[in-house]
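Q:
In mature numbering (1 follows the signal peptide of the UniProt record, and there is no 0), the protein residues as written are -29 to -1, 1 to 164.
1. Roughly how many angstroms separate the alpha carbons of residue 79 and residue 135, rounded to a whole number?
2. Where does residue 155 fall in DSSP's three states?
3. What's the C-alpha gap between residue 92 and residue 73?
4. Leaving out the 5 sequence neighbours to the left and right, which residues in its chain are closer than 6 Å to residue 141 when beta-carbon positions are compared?
5. For residue 153, is the classification buried or exposed, using 16 other Cβ atoms within 10 angstroms of its Cβ as the cut-off for buried?
6. Let me know the secondary structure DSSP gives residue 132 once reduced to three states.
7. For residue 110, which of helix, strand or coil comes out of DSSP?
8. What does the alpha-carbon distance come out to for the pair residue 149 and residue 133?
9. Under the assumption that residue 94 contacts residue 111 (Cβ atoms under 8 Å), give the Cβ distance between them as a whole number of angstroms.
10. Do the CB positions of residue 105 and residue 54 come within less than 8 Å of each other?
11. Just curious, the beta strand (DSSP E) that residue 89 is in, first and last residue?
12. Is residue 45 helix, strand or coil by DSSP?
13. Evaluate residue 82 with the Cβ neighbour count: other Cβ atoms within 10 Å of its Cβ, from every protein chain shown; 16 or more gives buried, anything less gives exposed.
14. Could you compute how far the alpha carbon of residue 130 sits from the alpha carbon of residue 63?
15. Quick one: grab the DSSP three-state call for residue 145.
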C-alpha cells in the first residue's frame, strides 16, 4: 500500500501559522518557551478588516476606481510585500530575542523599519515602517492566526486588510485586496509548493 508523497501533506499545514512560527522560533532561539515578549499583542488580535472600496486586484479598473487609484493601491501592496520580505530577510540575524527592543537591536533593518510588537508566547510579531506609515502583524497561535496589514504603526494602526488560512493550502484576503494580495502571493511563493 503506497502512501501519498509527503510534499502535499506539508502544503496542507496552514501557510500563515508556519510563517509566523518560523519567525518567532528563529527569533526566540527555538521552541523551548524560555523567551517571553514584553509587548502587548492587541494589534495582532484584531482580525476584522475595515475594508476599503479598492478593486480586487484585477487588471481592469472598476467603475468607481480610476486607473491611477488602482495603480497606487498596487504600489501600496508592494510596500507591504517589501516590509514582510525585510522581516524574513532579517530573521536569521536575530537569536533569543525577548522583546521588540531586543529584536530591533539584533536586526539590521533599513532606516524607519522596526519591530513594534514581539510576543513569543502568542507567536505574534509586528513590523512597521515609519517612513511609509504602514505595519504588518503576524499571529501564529490559535484561531487568531494570520497576517493583519495596518495603516499606521503597530500600536494604534487601522486594519486595512487581513490574510487568513483558507482550506488546505490557500490564503483568503479580507479587506483591501490590492494591499493584501501581494503579501498573500509572497507567502504562497515562499512557504507553498
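Idealized CB from N, CA, C, for every residue including glycine.
A: Taking the definition as stated:
1. The count along the chain shown starts at 1 and reaches residue 79 at position 108. The count along the chain shown starts at 1 and reaches residue 135 at position 164. Whole-angstrom Cα-Cα distance: 29 Å.
2. One-based indexing of the chain shown puts residue 155 at position 184. Of the three classes helix, strand and coil, the one that applies to residue 155 here is helix, per DSSP.
3. On the chain shown, position 121 is the one that residue 92 refers to. On the chain shown, position 102 is the one that residue 73 refers to. Looking at the backbone, the Cα of residue 92 and that of residue 73 are separated by about 16 Å.
4. Here residue 141 is taken as the residue at index 170 of the chain shown, counted from 1. Same-chain partners within the cutoff: there are none.
5. Position 182 of the chain shown, counted from the start, is the residue given in the question as residue 153. Flag for residue 153 reads buried.
6. By one-based count along the chain shown, residue 132 stands at place 161. Shown here, residue 132 sits in a strand according to DSSP, grouped into three states.
7. Within the chain shown, residue 110 is the residue found at index 139, counting from 1. Strand, per DSSP.
8. Against the chain shown, residue 149 aligns to sequence position 178. Against the chain shown, residue 133 aligns to sequence position 162. Taking the straight line joining both Cα atoms gives about 11 Å.
9. Looking up residue 94 in the chain shown gives position 123. Looking up residue 111 in the chain shown gives position 140. Indeed, because the Cβ distance is near 4 Å, the residues count as touching under 8 Å.
10. Translated into positions along the chain shown, residue 105 becomes position 134. Translated into positions along the chain shown, residue 54 becomes position 83. Yes, Cβ-Cβ distance for residue 105 and residue 54 is below 8 Å.
11. Sequence index remark: in the chain shown, residue 89 carries index 118 (1-based). Looking at the DSSP string, the run of the beta strand (DSSP E) that includes residue 89 is 84 to 90.
12. Sequence index remark: in the chain shown, residue 45 carries index 74 (1-based). Looking at residue 45 - three-state DSSP - the assignment turns out to be helix.
13. The residue labelled residue 82 in the question sits at position 111 within the chain shown. The residue in question, residue 82, is exposed, as its Cβ has fewer than 16 Cβ neighbours within 10 Å.
14. Translated into positions along the chain shown, residue 130 becomes position 159. Translated into positions along the chain shown, residue 63 becomes position 92. Straight-line measurement puts the Cα of residue 63 at about 28 Å from the Cα of residue 130.
15. Counting from one through the chain shown, the residue named residue 145 turns up at place 174. Here DSSP, grouped into helix, strand and coil, assigns residue 145 to strand.
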